[in-house]
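Please read the structure below before turning to the comments.
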Amino acid sequence: MRALFVTTSTTQLAPDHPTGLWLEEFAVPYLAAIEADITVTVASPHGGAVPLDPKTEPDEKQREQWARPLEALRHSVTLASVQDETFDAIFIPGGHGPMVDLARDATLHALVARHDAAGKVIAAVCHGPAALVHARRADGRPFFEGRRATGFTNAEEFLARLKDVVPFLLEDEMKAAGADFHSALLPMLSHVEEDGNLITGQNPNSSEGVAEALVAALHDR
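Mapping the sequence shown onto full-length UniProt numbering, position 44 (from 1) lands on 44, and the numbers just tick up by one.
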């Protein structure tokens, strides 16, 4: 089995607001996947080393625990280089970066449309679903239309003090794209939604739940 993990290449959310990948949202699913004998390819728009959000720089214990995913993040391939390949799953971790680059990435959207039409697993966590708000299905309908899903909520963005900094509010954009949006009763609690081949997680604390759902979905196929 093969999974494509798609990360941001962005380092700036706005002036004076550095961003990048939220490490936990990549590292936890990456380890779960390789431990389940799933081959992971890491891709980003620019390829090369993936930028980390400064707030998620690993401490010494995490560097040891997440050594393999950290090494993988040093050598991402470009999305263009895998645009004609087929994977069993596409997974998009968050950090605010995807709101800047992946939300409008035509290469990723074409990959998603093709894999979705084939019933392959599409998964995203936290701000990862931002990469799908402008995506469309093979028949032209919005990707999220009529699908039950979750992502980083307006309340969580407010608590992060970035409500007026982000280019859009993810919850609002997902709803505008037709998502049947659901979330935990309280901010920052783990919450995962599954709807057919779509798996979404609400926030960083949902990383483990998304990882488990992704591995289970691949092994059930």
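Where a beta carbon is used, it is the ideal one built from N, C-alpha and C, also for glycine. Since we're looking at a predicted model, the values are computed, not measured.
**Q.** Whole-Å CB distance - Thr7 paired with Leu21, under 8 Å assumed
**A.** As a first step, residue 7 must be located in the sequence shown, where it is residue number 7. As a first step, residue 21 must be located in the sequence shown, where it is residue number 21. Rounded, the Cβ-Cβ distance is 5 Å, consistent with contact.
Q. Would you say Met1 and Asp139 are within 7 Å of each other, going by their C-beta atoms?
A. Position 1 of the sequence shown, counted from the first residue, corresponds to residue 1. Position 139 of the sequence shown, counted from the first residue, corresponds to residue 139. In terms of Cβ geometry, Met1 and Asp139 do not form a close pair [threshold 7 Å].
Q. What are the start and end residues of the alpha helix (DSSP H) that includes Glu157?
A. Walking along the sequence shown from the start, residue 157 turns up at place 157. Looking at the DSSP string, the run of the alpha helix (DSSP H) that includes Glu157 is Asn154 to Leu159.
Q) Smallest Cα separation from Pro167: which of Leu132, Leu13 and Asp195? A) As a position in the sequence shown, residue 167 is number 167, starting the count at 1. Closest in alpha carbon position to Pro167, among Leu132, Leu13 and Asp195, is Leu13.
Q. In terms of residue numbering, what span does the alpha helix (DSSP H) encompassing Asp172 cover?
A. The count along the sequence shown starts at 1 and reaches residue 172 at position 172. Asp172: member of the alpha helix (DSSP H) spanning Leu170 to Ala176, first to last residue.
Q: Measure the alpha-carbon distance for Ala211 versus Met99 and round it to whole angstroms.
A: Taking the first residue of the sequence shown as 1, we reach residue 211 at position 211. Taking the first residue of the sequence shown as 1, we reach residue 99 at position 99. Between Ala211 and Met99, the C-alpha separation is close to 21 Å.
Q.
Taking contact to mean 3 or more Cβ pairs, one atom from each stretch, closer than 8 Å, check whether the segment 149-157 and the segment 111-120 are in contact.
A. No contact exists between the segment 149-157 and the segment 111-120.
**Q.** Within 7 Å, strictly: CB atoms of Ala102 and Ala131
**A.** In the sequence shown, residue 102 corresponds to position 102, counting from 1. In the sequence shown, residue 131 corresponds to position 131, counting from 1. Note that residue 102 corresponds to Leu in the displayed sequence, not to Ala. Yes, the Cβ-Cβ distance between Leu102 and Ala131 is below 7 Å.
Q. Is there contact here, the segment 202-219 with the segment 157-172, by at least three beta-carbon pairs under 8 Å?
A. Fewer than three Cβ pairs drawn from the segment 202-219 and the segment 157-172 lie within less than 8 Å of each other, which leaves the two stretches out of contact.
Q. Whole beta strand (DSSP E) runs in the segment 68-94 with 3 or more residues, listed along the chain?
A. The DSSP assignment places 89-92 as complete runs of the beta strand (DSSP E) inside the segment 68-94, in order along the chain (cut-off: 3 residues).
Q. Can you tell me the Cα-Cα spacing of Arg147 and Arg63, whole angstroms?
A. The residue labelled residue 147 in the question sits at position 147 within the sequence shown. The residue labelled residue 63 in the question sits at position 63 within the sequence shown. Those two C-alpha atoms are separated by around 37 Å.
Q. Going by C-alpha distance, which of Phe26, Lys120 and Leu186 is nearest His219?
A. For the purposes of this step, residue 219 is taken as residue 219 along the sequence shown, with counting starting at 1. Looking at the Cα atoms, Lys120 is the closest of the given residues.
Q) Bridge partners of Gly48, per DSSP? A) On the sequence shown, residue 48 is found 48 positions in, with the first residue counted as 1. Gly48 has Ser76 as its beta-bridge partners, per DSSP.
Q. Which value, in whole angstroms, describes the spacing of the CA atoms of Asp172 and Leu70?
A. In the sequence shown, residue 172 corresponds to position 172, counting from 1. In the sequence shown, residue 70 corresponds to position 70, counting from 1. Rounded to the nearest whole angstrom, the CA to CA distance from Asp172 to Leu70 is 32 Å.
Q. Can you find a heavy atom of the ligand SAH that lies under 6 Å from the Cβ of Arg104?
A. The ligand SAH is not part of the structure shown, which contains no ligands of any sort.
Q) Does DSSP put Ile38 in a helix, a strand or coil? A) By 1-based counting over the sequence shown, the position of residue 38 is 38. It is coil, neither helix nor strand.
**Q.** Backbone secondary structure at Leu162 - three-state DSSP
**A.** Here residue 162 refers to the residue found at position 162 of the sequence shown. DSSP, reduced to helix, strand and coil, places Leu162 outside both helices and strands of the structure shown, so it counts as coil.
Q: Return the CA-CA distance between Ala135 and Asp37, expressed in angstroms with no decimal places.
A: Taking the first residue of the sequence shown as 1, we reach residue 135 at position 135. Taking the first residue of the sequence shown as 1, we reach residue 37 at position 37. Going by the C-alpha atoms only, they are around 29 Å apart.
Q.
Less than 7 Å between the beta carbons of Ser81 and His46, yes or no?
A. In the sequence shown, counting from the first residue as 1, residue 81 sits at position 81. In the sequence shown, counting from the first residue as 1, residue 46 sits at position 46. For Ser81 and His46, no; Cβs fall outside 7 Å.
(Q) Please classify Thr200 as buried or exposed, where buried requires at least 16 other C-beta atoms within 10 Å of its C-beta. (A) Mapped onto the sequence shown, residue 200 falls at position 200. Sixteen is the threshold: when 16 or more other Cβ atoms of the shown chains lie within 10 Å of the Cβ of Thr200, as they do, the residue is buried.
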